[in-house]
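A quick write-up on the structure given underneath.
In the working numbering, the protein residues as written are 198 to 314.
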């Protein structure tokens with residue numbers, strides 16, 4: 198099974214914004230599984246035990262994510278409302294340098310809210 202690295206926003210200004218970003222990532226992870234592939238979403242996994250508000254721990258998570266990105270077969274870039282975070286930019290640069298195959302999904306906040314509820 199191919200591994201698909203999920204590139205989407207995690208950080209937000211509010212807890213409800215972060216929950217929205219997590220719901221978006223979970224939605225696309227589910228889609229990947231239903232395609233018969235393995236989703237790789239370090240921003241969903243490592244934030245369960247690394248503290249995103251502590252820069253050292255955030256950096257550890259980002260570094261592990263880049264390693265996982267290099268090991269993935271493809272990426273899925275999810276852009277909601279035209280926003281790309283610095284973490285996403287880093288992942289996009291890495292995927293571009295590695296000439297990875299991938300897909301890009303552009304949606305408005307309204308469109309994704311209709312899908313994820």
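Beta carbons: idealized from backbone N, C-alpha and C, even for Gly.
When DSSP labels each residue in this structure, what does residue 272 get in the three-state scheme?
strand
Kindly give me the distance between the Cβ atoms of residue 253 and residue 198, rounded to whole angstroms, as I take these residues to be in contact under 8 Å.
No, residue 253 and residue 198 are not in contact; Cβ-Cβ is about 34 Å, not under 8 Å.
Pick out the complete alpha helix (DSSP H) segments inside the segment 205-284, 4 residues or longer, and give them in chain order.
212-231, 239-242 and 252-268
Less than 7 Å between the C-beta atoms of residue 204 and residue 285, yes or no?
yes
Using CA atoms only, rank isn't needed, just tell me which of 242, 278 and 283 is closest to residue 308.
278
Taking the beta carbon of residue 298 as the centre, do at least 16 other beta carbons fall within 10 Å, making it buried, or is it exposed?
Its Cβ having fewer than 16 others within 10 Å, residue 298 is exposed.
Can residue 262 and residue 239 be called in contact, C-beta distance under 7 Å?
It is a contact, given that the beta carbons lie within the stated cut-off.
For residue 200, which beta-bridge partners are listed by DSSP?
235
Please report the distance separating the alpha-carbon of residue 274 from that of residue 302.
6 Å
Roughly how many whole angstroms lie between the Cα atoms of residue 293 and residue 201?
15 Å
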